[in-house]
Structure formats: C-alpha cells, structure tokens
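There are 2 protein chains.
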Amino acid sequence: MAEELARKLLKKANFKVTPGRSALINLLLNAEEPLSQQEISSKLTGTKMNYVSIYRSLEAFVAAGIVHRIEGCDRIWRFALNSEGKDGHSHPHFICTSCGRTECLEGIEVPKIEGIPKEYVINEQEFILKGLCARCS
Amino acid sequence: MAEELARKLLKKANFKVTPGRSALINLLLNAEEPLSQQEISSKLTGTKMNYVSIYRSLEAFVAAGIVHRIEGCDRIWRFALNSEGKDGHSHPHFICTSCGRTECLEGIEVPKIEGIPKEYVINEQEFILKGLCARCS
DNA sequence: ATATAATTGCAAGGCATTTGCAAATAGAAA
DNA sequence: TTTCTATTTGCAAATGCCTTGCAATTATAT
Chain U
14 MAEELARKLL KKANFKVTPG RSALINLLLN AEEPLSQQEI SSKLTGTKMN YVSIYRSLEA
74 FVAAGIVHRI EGCDRIWRFA LNSEGKDGHS HPHFICTSCG RTECLEGIEV PKIEGIPKEY
134 VINEQEFILK GLCARCS
Chain W
14 MAEELARKLL KKANFKVTPG RSALINLLLN AEEPLSQQEI SSKLTGTKMN YVSIYRSLEA
74 FVAAGIVHRI EGCDRIWRFA LNSEGKDGHS HPHFICTSCG RTECLEGIEV PKIEGIPKEY
134 VINEQEFILK GLCARCS
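Respectively, the protein sequence lines represent chains U and W.
One gets the numbering used here by counting positions in the first sequence from 1 and adding 13 to each.
One gets the numbering used here by counting positions in the second sequence from 1 and adding 13 to each.
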C-alpha cells in the first residue's frame, strides 16, 4: 500500500519515518502535478505539519534527490517526487499562463542542445514551456 | 550613438523619453548579461532612478516586448534587452551555480521539442542550463 | 530503558517585488 | 510659448514567499 511505499522511500534516503514526512511523501506520491508549499499545507489532511517544517523537509528531500523543485514565473516553488529511477530533471515542465498550474511532462524528453562551448560544465537543465494547458485552451 | 538608439527604441515602443528610461535602456544595451534590479541600480551612474521606477519601467518594457525577463533559481529576476529582430526568448540561458551569474546564450538555438499533446498551446519556451561557467569551471 | 541525532513548531527576520498616492514631467495641442 | 493631460516618478508602506534561531519533541539505534 501507499503508506508502505512512503516508508520505504524515506528509509532508503536515510530519513526518519515521522507522521509528517510520511504524509508529505504520500501526498506527493498521489499528486498529479508539482505542488507549492501552500497547496501542500492545504492538502495535508489529518497529519498537519507546520509550513516551516514542510519547507525543511522538502529541502532535505531535494538534497537527497528524491524530489525536484521547479521555479515557476510567480516566485513560488513547486515540488514533485522524482519518478523511480529517473533523475527527475529529465522531463520538461509546462506552466499554464491562464490557470497558473505547473505540470511535469513526464513522457516527453528534453531535447539535446547543441553548441555549448566546452568550457561550460552543465549539471542540470530545465525546459519550461508556457502557454495554455488542455483545460484552458 | 548609443543615446540615439535608446531614444529610438523608446519611441518605437510608444514610451516617453525620460532621462531615467534612456539611461536604463542604455545600460541594458551595453550589458553583457541579464541584470537584476540591484545590479541595474548600482550601475546606473549619473541618472539615478528609484528602484520602484526601475521595476515599473522594466515591467512596461517586458510588456512591450523590448525586454525579456529570466527567472533564475534565486528568486531574483534578471532582465535583458531583446536583440533587434529576435523575439528574445529564442535563446537558452545559462546560470552558473558557483558565481550566480546568468548569461544569454545568444548564438545557440533552443532545440525543438517533440511530442507535446496538441491540446496544449505553447506561447513561450525557456531552456535553462545550470552548471559552471567558463570562469568558474 | 537510554542516549542522541534528526525532526518539529513557533516567533521573528530577510528580502525581492508591489501598491497607493501625490508630485513631477514629456510631449501633444492650442 | 503656454496649456493640458496622460505618463512617469519617488516615497512610504505593504505583501508574501521563504529562512533562521532556538528550544522542545521524537524516531531509532544501543
């Protein structure tokens, strides 16, 4: 069940299994899109967690590589679980300029970029598309 | 000369030609990289401009399409003039995780992305690379 | 049962960006 | 030139996301 998966994820990343963090991971497991701290807070039913703790947990999860953070255009950070096995930054993101929602385009590959001078060391890349989502178009 | 070019840019976009805005455009014309409000403030020699006015001018310039804004990973917005004729969003950006500098990769093309469901309307795309710049690597 | 390092909550702080509003000013019109 | 008006500007205050400090709690290894 989901509870068990959350526990396993936390364990594997060497985190303590607390009610808050389990609930947080669970929420992200079931989320269809990257969530902001506010969205997380309001969706955390049952186990409530102080928003500072949410930020701190998310920060730890990102550092551990089990979550990735998307920087939108509204100065709000959104977080999503990395899919098992992927590095989590390998898919593009879509931001709807109408409803503000952010989506992970999981099935779509970030295209290779050509011509970066060899003095540059590229560690991460982020492809962000903006426009109207299926619902808003 | 540069002064004249700034004037022309402002005129063409239907803005009044004020000392502040001329200086601002000039600064951006000579900038080698996208600049934050703070950087702009400190580099605006001679003609000083209140930082609120800088924000408001930049906002107007972005709306008019003569400037583009890059969202970094530090919650700070950086602005760069659109090169004449281009739409300004057609090049990738590079963010150095060591020195924090943002660069426009002017000569490099944003690769085409494949497989976006046709319900999505894409209006803008942003390709951001992170790593070490030539100086820091 | 105990020890200890990780986690949490609360209050306060930091800081980029916005807003409201009144004063100044560029540029068109008279 | 003078007048008029919409745009631009500055100042003060507000917003709002995210951080920090610190003491209290708690998961887990011993």
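Where is the CB? At the ideal position from N, CA and C, for every residue including glycine.
- DSSP places V75/W in the uninterrupted alpha helix (DSSP H) bounded by 64-77.
- Cβ contact annotation for G113/W (same chain, cutoff 7 angstroms, sequence separation greater than five): D87, in chain order.
- For L142/W, no alpha helix (DSSP H) segment is defined; the enclosing uninterrupted segment is the beta strand (DSSP E) at 134-145.
- A distance below 7 angstroms between beta-carbons, with the five flanking residues on each side excluded, links G85/W to the following residues of its chain, in chain order: R91, I108, T115.
- Rounded to whole angstroms, R20/U and G128/W show a C-alpha spacing of 35 angstroms.
- For T115/W, DSSP records a beta bridge to I108/W.
- Looking from the CA of N136/U, the closest CA among C149/W, G144/W, E17/W, N63/W belongs to G144/W.
- In terms of CA proximity to E52/U, I89/U leads the group I89/U, V80/U, N27/U, F74/U.
- Contact between P105/W and L142/W holds: CB atoms are separated by about 6 angstroms, below the 8 angstroms threshold.
- The residue among A77/U, K29/U, E119/U with its C-alpha nearest the C-alpha of E46/U is E119/U.
- Checking the DSSP bridge columns, you'll see A36/U has no partner listed.
- The straight-line gap separating the alpha-carbon atoms of L94/U and V30/W is approximately 49 angstroms.
- Flagged as an interface residue toward chain W: V134/U, by a C-beta distance shorter than 8 angstroms.
- Bounds of the beta strand (DSSP E) holding E84/U are 80-84.
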